[in-house]
Amino acid sequence: MALSCTCLIRSTMAQHWHVVLYCICLIYSVVAVSRENFKTCEQSGFCKRQRAVEAGHSSYAVLLDSLDLKPSSITLQLVNRKNNVRFKLELYALAHNMARIKLNEFSPLKSRYEIPIGDTLIKEPVLQNLKLVSKEKNSLILSFETNHVVITAEPFRIDFLTNDHPVLSINSQGLFKFEHLRQKQDANPAEPPQEGGESNEEKKENTQEESKSEPEEPDMWEETFKSFTDSKPNGPTSVGIDISFPGFENVYGIPEHADSFALKSTKSTDPYRLYNLDVFEYELYNPMALYGSIPVMLAHNEERTVGVFWHNAAETWVDITSNVADKNLFKKMMDYVKGDQEIPQTDTHWFSESGIIDVFVMLGPKPKDVFYQYSLLTGTTPLPPLFALAYHQSRWNYNDEEDVKNVDNNFDVHDIPYDVLWLDIEHTDGKRYFTWDNAKFPNPEDMVRNLSSKGRKLVNVVDPHLKRDDDYSIYKEGKEKDIFVKNKDGGVFEGWCWPGSSSWPDFLDPNVREWWASKFDFKEYKGTTKDVFIWNDMNEPSVFNGPEITMPKDLIHVNGWEHRDIHNIYGMHVHRATMEGILARSNHQERSFVLTRAIFAGSQRYAAVWTGDNTGEWGHLKMSVPMMLSLNVAGMPFSGADVGGFFRNPDPELLTRWYQAAAFQPFFRAHAHLDTKRREPWLLPEMNKNIIRNAIHTRYTFLPYWYTLFRHSEKSGMPVMMPLWVEFPEESSIFKTDDEYLLGPALLVKPVVDPGVTSTDVHFPGKGEIWYDIMNFKSFAGGQSVQVDAPLDKIPVYIRGGFIIPRKYRMRRSSILMRHDPFSLIVCLDRNDVAKGDLYIDDYHSTKYKQAEFAHQEFTFEKNTLSTKLVNPQTSYKTKEWIERIIIAGLEKQPMKPTLSVNGSPSKILETKYYTETKVLVIRKPGVNIMDNWTITLK
Numbered sequence: 001m002a003l004s005c006t007c008l009i010r011s012t013m014a015q016h017w018h019v020v021l022y023c024i025c026l027i028y029s030v031v032a033v034s035r036e037n038f039k040t041c042e043q044s045g046f047c048k049r050q051r052a053v054e055a056g057h058s059s060y061a062v063l064l065d066s067l068d069l070k071p072s073s074i075t076l077q078l079v080n081r082k083n084n085v086r087f088k089l090e091l092y093a094l095a096h097n098m099a100r101i102k103l104n105e106f107s108p109l110k111s112r113y114e115i116p117i118g119d120t121l122i123k124e125p126v127l128q129n130l131k132l133v134s135k136e137k138n139s140l141i142l143s144f145e146t147n148h149v150v151i152t153a154e155p156f157r158i159d160f161l162t163n164d165h166p167v168l169s170i171n172s173q174g175l176f177k178f179e180h181l182r183q184k185q186d187a188n189p190a191e192p193p194q195e196g197g198e199s200n201e202e203k204k205e206n207t208q209e210e211s212k213s214e215p216e217e218p219d220m221w222e223e224t225f226k227s228f229t230d231s232k233p234n235g236p237t238s239v240g241i242d243i244s245f246p247g248f249e250n251v252y253g254i255p256e257h258a259d260s261f262a263l264k265s266t267k268s269t270d271p272y273r274l275y276n277l278d279v280f281e282y283e284l285y286n287p288m289a290l291y292g293s294i295p296v297m298l299a300h301n302e303e304r305t306v307g308v309f310w311h312n313a314a315e316t317w318v319d320i321t322s323n324v325a326d327k328n329l330f331k332k333m334m335d336y337v338k339g340d341q342e343i344p345q346t347d348t349h350w351f352s353e354s355g356i357i358d359v360f361v362m363l364g365p366k367p368k369d370v371f372y373q374y375s376l377l378t379g380t381t382p383l384p385p386l387f388a389l390a391y392h393q394s395r396w397n398y399n400d401e402e403d404v405k406n407v408d409n410n411f412d413v414h415d416i417p418y419d420v421l422w423l424d425i426e427h428t429d430g431k432r433y434f435t436w437d438n439a440k441f442p443n444p445e446d447m448v449r450n451l452s453s454k455g456r457k458l459v460n461v462v463d464p465h466l467k468r469d470d471d472y473s474i475y476k477e478g479k480e481k482d483i484f485v486k487n488k489d490g491g492v493f494e495g496w497c498w499p500g501s502s503s504w505p506d507f508l509d510p511n512v513r514e515w516w517a518s519k520f521d522f523k524e525y526k527g528t529t530k531d532v533f534i535w536n537d538m539n540e541p542s543v544f545n546g547p548e549i550t551m552p553k554d555l556i557h558v559n560g561w562e563h564r565d566i567h568n569i570y571g572m573h574v575h576r577a578t579m580e581g582i583l584a585r586s587n588h589q590e591r592s593f594v595l596t597r598a599i600f601a602g603s604q605r606y607a608a609v610w611t612g613d614n615t616g617e618w619g620h621l622k623m624s625v626p627m628m629l630s631l632n633v634a635g636m637p638f639s640g641a642d643v644g645g646f647f648r649n650p651d652p653e654l655l656t657r658w659y660q661a662a663a664f665q666p667f668f669r670a671h672a673h674l675d676t677k678r679r680e681p682w683l684l685p686e687m688n689k690n691i692i693r694n695a696i697h698t699r700y701t702f703l704p705y706w707y708t709l710f711r712h713s714e715k716s717g718m719p720v721m722m723p724l725w726v727e728f729p730e731e732s733s734i735f736k737t738d739d740e741y742l743l744g745p746a747l748l749v750k751p752v753v754d755p756g757v758t759s760t761d762v763h764f765p766g767k768g769e770i771w772y773d774i775m776n777f778k779s780f781a782g783g784q785s786v787q788v789d790a791p792l793d794k795i796p797v798y799i800r801g802g803f804i805i806p807r808k809y810r811m812r813r814s815s816i817l818m819r820h821d822p823f824s825l826i827v828c829l830d831r832n833d834v835a836k837g838d839l840y841i842d843d844y845h846s847t848k849y850k851q852a853e854f855a856h857q858e859f860t861f862e863k864n865t866l867s868t869k870l871v872n873p874q875t876s877y878k879t880k881e882w883i884e885r886i887i888i889a890g891l892e893k894q895p896m897k898p899t900l901s902v903n904g905s906p907s908k909i910l911e912t913k914y915y916t917e918t919k920v921l922v923i924r925k926p927g928v929n930i931m932d933n934w935t936i937t938l939k
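According to the UniProt record's numbering, the sequence shown is numbered sequentially starting from 1.
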């Protein structure tokens, strides 16, 4: 949700003249993003300093005599030759083909922030053996698995080689810059020396030497942006280093940005910025920061995929430039080097305002390996309840209980299924979260029960800012418990958000998170039931009168850490605490559902995400695809964009196309600003309403496939929505493709994202593959681009030959009412007349599946026989779900007498119909339980 002057004037904030003036200043913000509210690199002191480092002139050297070799790691000292300040380099070999590099001051004046285990990392990474291969005058060579690590002493650099092929280099450009903690030159009180470190006199000497060689800039100890001054009691603390990918032309990831999927060169622009901010109606094709930050990048070429995870929660910028690799590194890469052929290289430069350098290197070698490696570090998305994968209806705001009742009933009148209705901030008592407006929502439990009777749920917004009002029990209790973020002087921070004057709980404190979680208990949050779930908005955090509409960096969190150290992780701790509260209210018996706007690495364990306050324009529909692809490859598969755009009034064609696209994206929610026209599907012209209804119906038919994909994602870390190169890694022509994508390995989607389109070009990847239209089973050969019909009532979606997809065609009001309905199996044959697939089922809502209460069935069609195999035959799970239809596409001739055998019983002949023109066989009512062991033989 964005800052709206209309809503502000309606709020209690309008009592305060200075806030009204602030509102007036932002009045044009709902027309376009006010870029002047957000920093450029030139306006950021540490960004300017880091970007000014000159390539090829590194002053840092490794002291090889300091080597401390352990079974799985090494420790070395580095020195900055300009000032003799020393640093500690640690390199760890990690299980599953990963490595970790940490760089910190050898003897800092005080501790620097490191993200604790359990916040982003789910546990200490598992180590593996690291061998010292050789130690020479200016280098070390180490090995693990099939990799060699070459550490060059002077100038300092690290190169990773896999099977003697260079795949990643650190500081090869010499951009390493680590601003060590220091004292101001005019204030240097005596300190006792730290054990094993420099004495105070040595520190003073080093500080003075640095001041001579690197004159201090005005913004090192204090920085002003617009009317905001950031005090910097610790002085300059930024860290930066370059990471290069020799042999790679394309890199991806580092969401969240409204830009192309394949990241662009920033040579002529600002770097990509990672700093969680409330940037409403954001610009497209711009590297400026948005609501979330996941510092993960993948590089892919025809040979392999590698990745890096920059484990730092402070404001971060990333420069990207295209280059040519040093051929000396590629002496053994004969497949790449032919004559004078140039080898591409992508150089990246990462720098953060504070913290340490902590980099995880994920060496693949395949895309699926990198996804799994990252999941081992930060976890996966827990299997959502089925309703969360269905259609959600939202608006700022559904006005009252009567409005909710009418919207709910109209879905039934117009035969449109939906699962979740959402309430925005206006449902509360004066923006006091965990409350209801008693005039508009006097009987919330009855309202929820009405929804629940149809299998539907309610989602309420709960934001992290709390109204400063002693009559508001949540705030009063928080003040008594002293839970709020502090100013630099130790007083409670006061900022402005929806309720007016607000304070923010310090979610960095585990005790505060536990307190917040307790507020979702039914006894605490009156009017809620087990069918009410939560939406955390504004958790960047958004502070209307703060610098860049967020918290000042010099605020203080638990253990004395500054906000600058932890900014990007704050929002994650909000939805983490919320999820823990949702789980706790059922004693962890029911799954949670939480939606968040701000994210960081690890957020996938707690919440779904949407792309924030987009606009009802064709460009924003088009941008939803690369934005979600970026989120998915960075470990955040449960993602979506507001259908129709949050701002403005999309015309019927745009809204129709947006529904079609979103029906094939992971999180499917319509949402709109309070100043937009109502746009529920039945308010559109009849033709558009019917097309939208068909799109939503289609989503529901594919829910078994979605559910199975999310189960696989939970187990392996695989994206749900993924770029074509994940399944076709050697097809270089698709490396930049971001207007079509795969859902799992089997569905190809090409949404229509331009007006007036009646046909579109679809690239069918994979030479030798066959792709089948989901509507009519028309087949297309892979390895080509084809112009296909795409009138308004059609979205181009195709099933890959060689796969079997489960669907449910019977329409109900909501997904859980489909629980006992029968399945149809869609069998699409490849060129060898083979197909495989699987289906995962459980009770669709509880956590019992974690105790093996589920069924996982595999299907195989081969040699004219369709057979099943229950992957977990020892399960005690039972279901009434059965198979009512099997559709086999690509069958060259009609079989004479298909027969069915169940659990070894005598065969029976099945009823079939064969369509000669489309080569499709339909087998009717085999009538077997989905968990049975059965075989269908075509004769």
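Don't be surprised by glycine CBs; every beta carbon is placed ideally from N, CA and C.
Please read all numbers here as calculations on a predicted model, not as lab measurements.
According to DSSP, is residue i part of a helix, a strand, or is it coil?
i, result
"P344", "strand"
"Y840", "strand"
"I566", "helix"
"I416", "coil"
"F411", "helix"
"M721", "strand"
"H763", "strand"
"L26", "The predicted position of L26 is uncertain, since its pLDDT is 43 and thus under 50; no value can be drawn from it."
"L121", "coil"
"residue 940", "With the chain represented from 1 up to 939, any question about residue 940 goes unanswered, as that position is not in the structure."
"T207", "With a pLDDT of 44 at T207, under the threshold of 50, the modelled position of that residue is not reliable, and no figure is offered here."
"G500", "strand"
"T316", "strand"
Below 6 angstroms CB to CB, which residues in the same chain sit around residue i once its five sequence neighbours on both sides are set aside?
i, result
"A695", "Y659, Q660 and A663"
Determine, using beta carbons only, whether residue i and residue j come nearer to each other than 8 angstroms.
i, j, result
"F710", "L376", "no"
"residue 940", "S814", "Since the displayed the chain opens at 1 and closes at 939, residue 940 lies outside it and no answer follows."
"R576", "R513", "yes"
"L655", "R693", "no"
"P898", "L938", "yes"
"G379", "I122", "yes"
"P719", "P637", "yes"
"V752", "I795", "yes"
"L161", "V167", "yes"
Figure out for me which residue from the options has the closest Cα to the Cα of residue i.
i, options, result
"V126", "E145, T912 and A93", "A93"
"K131", "I74, I416 and W725", "I74"
"V62", "E154, L938 and S473", "E154"
"residue 957", "G527, I483, G560 and I549", "No information on residue 957 is available, as it lies outside the stretch 1 to 939 that the chain covers here."
"A889", "T550, K913 and H414", "K913"
"Q128", "F144, L900 and H856", "F144"
"F854", "D830, E881 and C828", "E881"
"V786", "D482, Y798 and L742", "Y798"
"Q874", "H856, N864 and I886", "H856"
"M551", "D932, T935 and G571", "G571"
Residues in its own chain within less than 7 angstroms of residue i by CB, not counting five upstream and five downstream?
i, result
"Q784", "F764"
Enumerate in chain order the residues of its own chain whose CB-to-CB distance from residue i is below 8 angstroms, with the five nearest sequence positions on each side excluded.
i, result
"L21", "Note that L21 has pLDDT 33, beneath the 50 cutoff, so the model's placement of it is unreliable and no number is given."
"K715", "T380"
Practice item. Evaluate contact between the segment 829 to 837 and the segment 847 to 866, counting only Cβ atoms and requiring at least three cross-stretch pairs below 8 angstroms. Key: yes
Review point. Looking at C-beta atoms only, is the number of pairs between the segment 611 to 628 and the segment 270 to 287 that lie closer than 8 angstroms three or more?
Key: yes
Check your understanding: Taking one C-beta from the segment 806 to 824 and one from the segment 409 to 419 each time, how about it: are there three or more such pairs within less than 8 angstroms?
Key -> yes
Review point. Are there three or more Cβ pairs, one per stretch, closer than 8 angstroms when the segment 82 to 101 is compared with the segment 112 to 120?
Key: no
Check your understanding: Do three or more CB pairs link the segment 493 to 505 to the segment 543 to 562 at distances below 8 angstroms?
Key -> yes
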